[in-house]
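full-length UniProt numbering applies: residue 1 is where the sequence shown begins, and numbers increase by one.
Where a beta carbon is used, it is the ideal one built from N, C-alpha and C, also for glycine.
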Amino acid sequence: MELNDIPLKYEDVQTAKQQSLAITHCYFKQPMKQFLQQLNIQDSNAQLWLAEFAWHDTSSAHYRSAYHILDMVFWFGNLQILAAHQYPTTAHLKFLSRQMQNDLANFAKSGKMPWPMYHNERRYYRTYQ
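The structure is reproduced here in structure tokens:
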């Protein structure tokens with residue numbers, strides 16, 4: 001069985017959790033890494049950065065895993081969306097959102113992110129959690 005041209009073992013996608021991880025890997029992580037690798041092959045001096053949004057709360061009914069689009073709440077500082085689902089807006093969440101916004105503003109201003117660039121020999125990335 002394959003998903004997005006990535007081979008998968010049937011026994012590795014039996015549970016909902018396994019399927020979620022497979023989708024995340026096959027539709028988001030692996031294609032992004034392949035894209036960055038190709039850009040780096042085309043231009044070894046390309047300025048590339050990679051970030052991963054991984055915030056989640058396993059005790060929450062709504063936010064048990066980091067899912068597609070949830071990062072937008074943090075990039076734009078719309079934490080009231082979490083509060084609308086009775087999730088407390090903690091100091092950590094405010095800090096995480098502000099850090100993400102600051103990094104994005106820094107990139108807009110300087111063209112650089114505040115962590116090492118992604119390169120095929122040095123695959124650095126930032127995890128927001």
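>> Just to confirm the assignment: which complete alpha helix (DSSP H) runs, minimum length 4, are found wholly within the segment 29-100?
In response: 30-42, 70-75, 80-84
> Among Gln18, Ile23, His56, which residue has its Cα nearest to the Cα of Thr127?
Replying inline: His56
> How big is the Cα-Cα spacing for Tyr10 and Thr24?
Replying inline: 16 Å
> Which value, in whole angstroms, describes the spacing of the CA atoms of Gln101 and Val73?
Replying inline: 11 Å
> Who does Gln25 pair with in a DSSP beta bridge?
Replying inline: According to the sequence displayed, residue 25 carries His and not Gln. Paired residue(s): none; His25 is not in a bridge.
> Run through DSSP, which three-state label would Tyr128 get?
Replying inline: strand
> From Ser44 to Ser59, what does the alpha carbon distance come to, in whole angstroms?
Replying inline: 43 Å
> CB-CB under 8 Å to Leu70, same chain, minus the five flanking residues each way: which ones, in chain order?
Replying inline: Phe53, Trp55, Tyr63
> How many Å lie between Gln37 and Ala22 at the Cα?
Replying inline: 21 Å
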